[in-house]
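Engineer:
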Amino acid sequence: EKEEEEEEEVERVLVSEHSWRPCPTARRRVRGCLEWVKRQLFRVGEDWYFLFILGVLMATISFTMDTTVSRLLAAHTWLYQEIGDIGVLKYLSWTLCPMALAAFSTGFSQSITPHSGGSGIPELKTILMGVVLEDYLAIQNFGAKVVGLTCTLGCSSTVFLGKVGPYVHLSAMAAAYLGKMRTTVMREYENKFKQHEMLVAAQAVGVATVFGAPISGVLFSIEVMSPHFAVRDYWRGFFAATCGAFMFRLLAVFNSEQGKAGWAGYAASSPLPSWHFWETIVAVFKSDFSIDFPFDLLETFFFLILGIICGIAACAYLFCQRWMMVAVKKNRLTAKLLATDKPVYTVLVVLLLASVTFPPGLGQFMASRLTMKEYLTSLFDNHTWGLLAPNASGVAKPGGLWQEWDHPSATIYGTLTFFLLMKFWMLILATTLPLPAGYFMPIFIYGAAIGRLMGEVVALLFPRGLYSEGPPRPIIPAGYALAGAAAFSGSVTHTVSTALLVCEATGHLGHILPTVLAVLVANAISQKNQPSFYDAGIIIKKLPYLPPIRSRHMASYRVVVEEFMERRVVALAKGDGFQEVLVALDASADAEYPVVESTGSPTLVGTVSRSQLVTFLQSHEHPQAPQGEKLATVGTLGDDCTIEPIMLQLSPWTSLHQAYHLFQLLKLQRVFVTRSGELVGAVSRAEVR
Numbered sequence: 001e002k003e004e005e006e007e008e009e010v011e012r013v014l015v016s017e018h019s020w021r022p023c024p025t026a027r028r029r030v031r032g033c034l035e036w037v038k039r040q041l042f043r044v045g046e047d048w049y050f051l052f053i054l055g056v057l058m059a060t061i062s063f064t065m066d067t068t069v070s071r072l073l074a075a076h077t078w079l080y081q082e083i084g085d086i087g088v089l090k091y092l093s094w095t096l097c098p099m100a101l102a103a104f105s106t107g108f109s110q111s112i113t114p115h116s117g118g119s120g121i122p123e124l125k126t127i128l129m130g131v132v133l134e135d136y137l138a139i140q141n142f143g144a145k146v147v148g149l150t151c152t153l154g155c156s157s158t159v160f161l162g163k164v165g166p167y168v169h170l171s172a173m174a175a176a177y178l179g180k181m182r183t184t185v186m187r188e189y190e191n192k193f194k195q196h197e198m199l200v201a202a203q204a205v206g207v208a209t210v211f212g213a214p215i216s217g218v219l220f221s222i223e224v225m226s227p228h229f230a231v232r233d234y235w236r237g238f239f240a241a242t243c244g245a246f247m248f249r250l251l252a253v254f255n256s257e258q259g260k261a262g263w264a265g266y267a268a269s270s271p272l273p274s275w276h277f278w279e280t281i282v283a284v285f286k287s288d289f290s291i292d293f294p295f296d297l298l299e300t301f302f303f304l305i306l307g308i309i310c311g312i313a314a315c316a317y318l319f320c321q322r323w324m325m326v327a328v329k330k331n332r333l334t335a336k337l338l339a340t341d342k343p344v345y346t347v348l349v350v351l352l353l354a355s356v357t358f359p360p361g362l363g364q365f366m367a368s369r370l371t372m373k374e375y376l377t378s379l380f381d382n383h384t385w386g387l388l389a390p391n392a393s394g395v396a397k398p399g400g401l402w403q404e405w406d407h408p409s410a411t412i413y414g415t416l417t418f419f420l421l422m423k424f425w426m427l428i429l430a431t432t433l434p435l436p437a438g439y440f441m442p443i444f445i446y447g448a449a450i451g452r453l454m455g456e457v458v459a460l461l462f463p464r465g466l467y468s469e470g471p472p473r474p475i476i477p478a479g480y481a482l483a484g485a486a487a488f489s490g491s492v493t494h495t496v497s498t499a500l501l502v503c504e505a506t507g508h509l510g511h512i513l514p515t516v517l518a519v520l521v522a523n524a525i526s527q528k529n530q531p532s533f534y535d536a537g538i539i540i541k542k543l544p545y546l547p548p549i550r551s552r553h554m555a556s557y558r559v560v561v562e563e564f565m566e567r568r569v570v571a572l573a574k575g576d577g578f579q580e581v582l583v584a585l586d587a588s589a590d591a592e593y594p595v596v597e598s599t600g601s602p603t604l605v606g607t608v609s610r611s612q613l614v615t616f617l618q619s620h621e622h623p624q625a626p627q628g629e630k631l632a633t634v635g636t637l638g639d640d641c642t643i644e645p646i647m648l649q650l651s652p653w654t655s656l657h658q659a660y661h662l663f664q665l666l667k668l669q670r671v672f673v674t675r676s677g678e679l680v681g682a683v684s685r686a687e688v689r
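In the UniProt record's numbering, the protein residues as written are 1 to 689.
Written out as structure tokens, the structure reads:
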């Protein structure tokens, strides 16, 4: 009776709670309307809404970071100028600020996650190939990367590092988090293919929101990240990248209109009146190519030479950078610092770099007072510096950025040459820093300096152009700077889309043909002799990644699976029992095991996972075990385990190239090899590598 009374009391409480909710009819109608709106909105596909959110979110974060960086640079410049002419104080103000920012960037980001250092693109390439890297895309790493990257960019040209790589990593983390939100909103299971599509779009968003270039951003991300790319992913990438680039441009234009008045007074009182810091947030690089005849046909010979020079320089840079990364890890002192005191190592390296770039010292010969944005703006200047230097007071605009390159005792040719020699080893040393940093913008600027130097030399040799008769057609050194930036950065990263990137970022298409020629020549040289910058990072970090097949010789197409497959494969028969399963688990740590028809007939019928085999052992008793729990003593693998069918298998005569493309395209980890249906071996990524 007491139980019945309690049940009645519970029913009365439930009924009273249910009847207490007000307006049940109205609530049902509102719920129905919301469901109808949801169906209408997601009729075109819910992916597009999340891609739009991804593009707008990353553009807003990029804009906020650039605004913060511009404020940091303005504060550093103001401090350096207000110190006065006391040499010691000027040196301390020049070096302490980047040292503090870099040390905080390293310490803060590394204290939260060890995955925040570097660019992040080598790890992303590995993830897109189907390899799982634990916690690399966790949203907890997002804040550490944002704060660390902002501090790194605040060091400006002193450390000479960029933004592209870490921002692609940030975009991938945001895409992974939005993918989880999508599964929650849509109330569906997590899908790996949907995750991959979001990550592919995130790559394009990361590049597009940095340069404001959606088309080349998509193409560059494809070349760098994916050896195989689904055509239907183009639309997702272009849509998300366009949303991000448009939002970034919109915010940048709005901020520039608001910032012109605010910075005008400061710029007028500055020793460098043309330093408008509000311009540092604009994604595109300003250029003034007001020319009717961009280049002569005979100039293609010099653009060809420029491509060769950039290709050779890229090979030297890639070799030295890889050697430096290995040497830093092998050296006893630096290895100890990187293992225990990363901020100390960062402070020491930044102190060296800042001392070299100190303006009253060696920095006066390498235009060290310019920021990263101002470096490109000056190198893409449409004027010929060799003609402006002799009469700078009468022809040039007062305070032009190009005058930072014109030293009285070195001339523009000497400063450009000294800049290239010094920045070569300084950039290589900066890549060893354990802080969030990108490496594309520095090599982009370095290539522009190579092209600018060659363009100035050609303009000096041919002041009236390559034709002595007729109207003069002067050489445009800025065109060589465009081609050099695209050729060197493209050869270092093994990409061709940099030719479109420079045109889209500057808005100038007059030099597209010689730029493409220089990029192709430089890529032909670098791809033949060195792995790309990001592949080198994969090699150094020993990530599980399939390197590209560099050989195109016909003999490589005659290599077949039978020559490199693993022949000793631990297999189980359908009739195996406790003892055979136990031996197989002890002999191998594979995630899945092949199952054949019988020991005498090794016909492959499927696979069984290791977890199922462990469950099989736990639910069965060893034949020689003492009597204890009541477990099954009789049972076979085929009766008690689920055997998954084989979806793909290779033949011993499958070529290496075919197996390689299958592993890349289908994100395979291991494939079994059969001859007439019988198991003869297995091929994993280790064998293919």
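Each residue gets a CB set at the ideal place from its N, CA and C atoms; glycine is no exception.
1) For Phe488 and Phe440, I'd like the C-alpha separation in whole angstroms.
2) Express the C-alpha separation of Lys330 and Thr209 in angstroms, rounding to a whole number.
3) In whole angstroms, what separates the C-alpha of Asp381 from that of Ala505?
4) To the nearest angstrom, how far is it from the Cα of Arg558 to the Cα of Val688?
5) Can you tell me the Cα-Cα spacing of Arg568 and Val224, whole angstroms?
6) Three Cβ pairs or more, each shorter than 8 Å: is that satisfied between the stretch 565-583 and the stretch 668-684?
7) With Ala682 as the anchor, note down where its beta strand (DSSP E) starts and where it stops.
8) So, helix, strand or coil for Gly606, using DSSP?
9) Tell me, please, whether the stretch 637-646 touches the stretch 659-669 by the rule of three or more beta-carbon pairs shorter than 8 Å.
10) Please classify residue 730 as buried or exposed, where buried requires at least 16 neighbouring CB atoms within 10 angstroms.
11) Between which two residues does the alpha helix (DSSP H) carrying Arg322 extend?
12) So Ala201 and Leu51 are supposed to be a Cβ contact under 8 Å. How far apart are they, rounded?
13) Can you find the residues in the same chain that come closer than 8 Å, C-beta to C-beta, to Met324, ignoring five residues on each side of it along the sequence?
14) Since Arg452 is in the alpha helix (DSSP H), which residue starts that stretch and which ends it?
15) Assess, as a yes-or-no matter, whether the stretch 136-143 is touched by the stretch 101-114 under the definition of 3 or more beta carbon pairs within less than 8 Å.
16) Around the Cβ of Ser601, are there at least 16 other Cβ atoms within 10 angstroms (buried) or fewer (exposed)?
17) By DSSP, does Trp278 sit in helix, in strand, or in coil?
18) In terms of alpha-carbon separation, which member of Gly490, Ala449, Pro436, Ser105 lies closest to Phe220?
19) Would you mind sorting Trp94 into buried or exposed? The rule is 16 or more other CB atoms within 10 Å of its CB.
20) Pairs of beta-carbons, one from the stretch 61-76 and one from the stretch 150-169, closer than 8 Å: are there three or more?
21) So what does Gly118 bridge to, in DSSP terms?
22) Would you mind listing the beta strand (DSSP E) stretches within the stretch 470-496 that are 3+ residues and don't spill past its ends, in chain order?
23) Does the beta-carbon distance from Val502 to Gly307 come in below 9 Å?
24) List the whole-angstrom C-beta distance separating Thr357 from Gly363, where the pair is believed to meet the contact cut-off of C-beta under 8 Å.
25) Can you tell me whether DSSP reads Tyr545 as helix, strand or coil?
26) On a CA-only basis, which of Leu137, His169, His76 is nearest Ser62? Give me that one, please.
27) Pull up the distance between the alpha-carbon of Gln669 and that of Ala659, whole angstroms please.
28) For the alpha helix (DSSP H) containing Thr506, name the first residue and the last one.
29) Would you decide whether His657 is buried or exposed? Buried here means 16 or more other CB atoms lie within 10 Å of its CB.
30) Would you kindly work out how many angstroms separate the C-alpha atoms of Ser556 and Thr377, rounded to a whole number?
31) Could you check the C-alpha separation between Ala367 and Tyr49 for me, to the nearest Å?
32) With distances taken from CA atoms, which of Ala686, Lys667, Thr654 is nearest Arg675?
33) Is it right to say His508 is buried, meaning 16 or more other beta carbons lie within 10 angstroms of its own, or is it exposed?
34) Quick check on the burial criterion: 16 or more other C-beta atoms within 10 angstroms. Buried or exposed for Ile475?
35) Does the stretch 524-537 touch the stretch 310-322, meaning 3 or more C-beta pairs lie closer than 8 Å?
36) Tell me, to the nearest whole angstrom, how far the beta carbon of Gly165 is from that of Ile127; I am working on the premise that it is less than 8 Å.
Structural biologist: Let me lay it out:
1) 10 Å
2) 37 Å
3) The alpha-carbon atoms of Asp381 and Ala505 are separated by roughly 14 Å.
4) 15 Å
5) 36 Å
6) yes
7) 678-684
8) In the structure shown, Gly606 adopts extended strand secondary structure according to DSSP, grouped into three states.
9) no
10) Look at the range of the chain in this structure, 1 to 689, and you will see that residue 730 is not part of it.
11) That run of the alpha helix (DSSP H) goes 300-330.
12) 6 Å
13) Leaving aside the five residues that flank Met324 on each side, the residues in its chain whose CB is nearer than 8 Å to its CB run, in chain order, Ile428, Leu429, Thr431, Thr432.
14) 440-461
15) yes
16) Under this definition Ser601 is an exposed residue.
17) Unreliable placement is indicated for Trp278, whose pLDDT of 31 sits below 50; the coordinate value is still reported in the next sentence. Trp278: helix per DSSP, three-state reduction.
18) Gly490
19) buried
20) The stretch 61-76 vs the stretch 150-169: in contact.
21) Pro436
22) Runs of the beta strand (DSSP E) inside the stretch 470-496: none found.
23) Result no, Cβ atoms of Val502 and Gly307 do not sit closer than 9 Å.
24) 4 Å
25) coil
26) His169
27) Taking the straight line from one Cα to the other gives about 12 Å.
28) Residues 498-506.
29) exposed
30) Straight-line Cα distance between these residues: approximately 46 Å.
31) 45 Å
32) Thr654
33) buried
34) buried
35) As far as the Cβ criterion goes, the stretch 310-322 touches the stretch 524-537, which means the pair count is three or higher.
36) With a Cβ gap of about 14 Å, Gly165 and Ile127 do not count as contacting.
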